[in-house]
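**Q**
Residue numbers (my numbering): 1495 to 1656.
(1) Could you tell me whether the stretch 1583 to 1593 touches the stretch 1554 to 1573, where touching means 3 or more Cβ pairs closer than 8 angstroms?
(2) Determine the direct distance from the alpha carbon of residue 1503 to that of residue 1595, and round the result to whole angstroms.
(3) When we look at the beta-carbon of residue 1555 and count the other beta-carbons within 10 Å, is it buried (16 or more) or exposed?
(4) For residue 1536 and residue 1558, what's the separation of their Cα atoms in angstroms?
(5) Within 8 angstroms, do at least three Cβ pairs link the stretch 1536 to 1547 to the stretch 1590 to 1606?
(6) Could you work out which residue in 1523, 1604, 1515 is closest to residue 1635 when comparing CA atoms only?
(7) Applying the 10 Å Cβ sphere with the 16-neighbour rule, what's the burial state of residue 1532?
(8) Should residue 1529 be labelled buried (16 or more other beta-carbon atoms within 10 Å of its own) or exposed?
(9) In chain order, which continuous runs of the alpha helix (DSSP H) of length 4 or greater are located wholly inside the stretch 1577 to 1615?
(10) Compare the Cα-Cα distances from residue 1643 to each of 1569, 1510, 1622, 1519 and report the closest residue.
(11) In terms of residues, what are the limits of the beta strand (DSSP E) holding residue 1551?
(12) Could you check which residue in 1638, 1608, 1597, 1521 has the C-alpha nearest to that of residue 1551?
(13) If I measure Cβ to Cβ from residue 1600 and keep anything under 6 angstroms in the same chain, skipping five residues before and after, which residues do I get?
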């Protein structure tokens, strides 16, 4: 864990607190850890890549290094006040906030899984129909119609591009 990446992550979390009402209570609530994993994953498509590597787990993409870092930050007890300058180089903050606000956990899980599977398989010729079929098969608890709608939104935003 680099101190620079921790500082940027701390500022990213502060942004989530300030703009989305996110509660940084990761030690006690699975939902907070889940959402932070998804927000950090999605942020790289809006210009801020903290360099975490992800593996596909039961609830979608998961980074153990990110988990280590947010547990480290939780030990600080108080996050530093926001220095948006650490986030602004190329990060389309308003677009990101608009994209993730009011999304439920199921939506975040499906969207990040679609993106992860797409970017891992697009070179071998996976098309959107096959992507939807595959994600529906590994996420049977999410309706196929919802996965299709999310895929269409990701396409519209050019997040499922080459």
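Yeah, the Cβ is synthetic: ideal placement off N, Cα and C, and Gly gets one too. Treat the numbers as computed from the prediction; the structure is a model and nothing was measured.
**A** Here's the rundown:
(1) No, because fewer than three Cβ pairs between the stretch 1583 to 1593 and the stretch 1554 to 1573 fall closer than 8 angstroms, the two stretches do not touch.
(2) Taking the first residue of the chain shown as position 1, residue 1595 is located at position 101. Taking the first residue of the chain shown as position 1, residue 1503 is located at position 9. So the alpha carbons of these two residues sit roughly 19 angstroms apart.
(3) Walking along the chain shown from the start, residue 1555 turns up at place 61. Residue 1555 should be labelled buried.
(4) Walking along the chain shown from the start, residue 1536 turns up at place 42. Walking along the chain shown from the start, residue 1558 turns up at place 64. Looking at the two C-alpha atoms, the distance is approximately 16 angstroms.
(5) Contact between the stretch 1590 to 1606 and the stretch 1536 to 1547 is present, because at least three Cβ pairs lie under 8 angstroms.
(6) As a first step, residue 1635 must be located in the chain shown, where it is residue number 141. Residue 1635 has its Cα closest to that of 1604, out of 1523, 1604, 1515.
(7) For the purposes of this step, residue 1532 is taken as the residue at position 38 of the chain shown. By the 10 Å Cβ count, residue 1532 comes out buried.
(8) Against the chain shown, residue 1529 aligns to sequence position 35. With 16 or more other Cβ atoms within 10 Å, it is buried.
(9) Counting only runs of 4 or more, we get 1587 to 1594, 1599 to 1615.
(10) Locating residue 1643 in the chain shown gives position 149, counting from the first residue. Residue 1622 is the option with its Cα nearest to residue 1643.
(11) Walking along the chain shown from the start, residue 1551 turns up at place 57. From DSSP, the beta strand (DSSP E) with residue 1551 extends over 1549 to 1551.
(12) Indexing the chain shown from 1 puts residue 1551 at position 57. Among 1638, 1608, 1597, 1521, the Cα nearest to that of residue 1551 is on 1608.
(13) Within the chain shown, residue 1600 is the residue found at index 106, counting from 1. Correct list, in chain order: 1636.
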